[in-house]
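Numbering of the sequence shown is given in the UniProt record's numbering, commencing with residue 1 and proceeding in unit increments.
Backbone N, C-alpha and C fix where the C-beta goes; we use that ideal spot for every residue, glycine too.
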Amino acid sequence: MKPLYLDFHRSRQVVPWLGLLLIAAGVVALLSVMTQLDVVAQQRIQLQQDEDNIALQLRRTQTQQQNQQASSPQNMKQVELRTAQLYSPRPLLDDLGAHWASDVAFLRLDLDSTARNAKLELEARDLNQLLLFIDRLEATPGIDLVTLARSGAKPNDPFRPVQASLEVNWRKASEFANTHNPFASAASAASKASAASLALRATPAAGSKPAQGSSARGGR
């Protein structure tokens with residue numbers, strides 16, 4: 001038989017603190033990496049959504065531009081027609097033809113439709129016929145202003161006709177239509193009458209005299 005040895009003193013066990021610390025640090029690092037991966041994944045998803053939204057907006061913008069380009073020729077034609085109607089010299093030509101007389105001859109006519117301006121060179125039998133023609137033009141609703149730029153007797157002509165240069169400004173088609181609108185004229189007359197009555201009520205009646213107006217012809 002072998003002898004049995006009994007040890008009644010327990011040996012001291014050493015706790016592996018270093019290993020536990022390393023394991024804890026590894027777990028923390030793993031959790032941090034997983035959190036960062038989740039954040040990166042969410043950012044990637046948000047970036048993809050932003051790219052999709054931008055692409056959708058670009059497609060909508062391109063569609064709108066294509067629609068505008070498809071309809072732009074018609075719109076441009078409408079704008080050109082409207083502009084031509086507003087600045088058309090046709091009313092001026094009609095007025096010149098309506099007030100033309102045998103004592104007045106047109107020598108030259110330069111039109112500027114954008115500025116609604118016309119330069120007219122003419123020849124009249126005498127100064128009186130020239131002034132009468134200018135008066136007829138000034139009385140026309142479609143004409144805004146008539147300016148006599150130059151006038152003088154024609155040299156080397158026994159009949160001594162008068163040559164003159166006029167500058168005529170005509171109104172827009174819309175303004176010309178308003179001057180020919182009876183309802184607009186009636187409303188304007190009513191407003192003027194109302195303003196005049198209010199002015200008479202506000203001012204004392206005694207010693208008041210109506211003011212006399214005078215009209216002047218430009219450049220004459």
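Item, Value
"Buried or exposed: which applies to R116, given that a residue is buried once 16 or more other Cβ atoms fall within 10 Å of its Cβ?", "buried"
"Roughly how many angstroms lie between the CA atoms of V104 and K119, to the nearest whole one?", "16 Å"
"Under 8 Å, with one C-beta from each stretch per pair, do the segment 90–109 and the segment 135–145 reach the 3-pair mark?", "yes"
"Let me confirm a value: V146 is counted as buried when at least 16 other C-beta atoms fall within 10 Å, else exposed. Which label applies?", "buried"
"By Cβ distance below 8 Å, which residues in the same chain neighbour N181 in space, the five residues on each side in sequence not counted?", "Interpretation of N181 is limited by its pLDDT of 47, a score under 50 that renders its predicted location unreliable; the figure taken from the coordinates is listed afterwards. Hits under 8 Å: none found."
"Using only CA atoms, which one of Q68, A29, D126 and L92 lies nearest to E167?", "L92"
"Cα-Cα, which of V39, N169, S151 and I54 is closest to L127?", "S151"
"Can you tell me whether W170 is buried or exposed, with buried defined as 16 or more other CB within 10 angstroms of its CB?", "buried"
"Taking the alpha-carbon of P161 as reference, which of I143, E123, D144 and Q78 has the nearest alpha-carbon?", "E123"
"Comparing alpha-carbon positions, which option in R90, Q129, L131 and R125 lies nearest L111?", "R90"
"By DSSP's criteria, W100 is part of a beta bridge. Which residues make up the other side?", "None; W100 has no bridge partner."
"Which residues in the same chain as A153 place their Cβ atom closer than 8 Å to its Cβ, once the five residues preceding and following it in sequence are excluded?", "R160, P161, V162 and Q163"
"Do you know whose CA, among L31, D157 and E121, lies nearest A149's CA?", "E121"
"Please report the straight-line C-alpha distance between Q42 and R59, rounded to a whole angstrom.", "26 Å"
"How big is the Cα-Cα spacing for Q48 and I23?", "37 Å"
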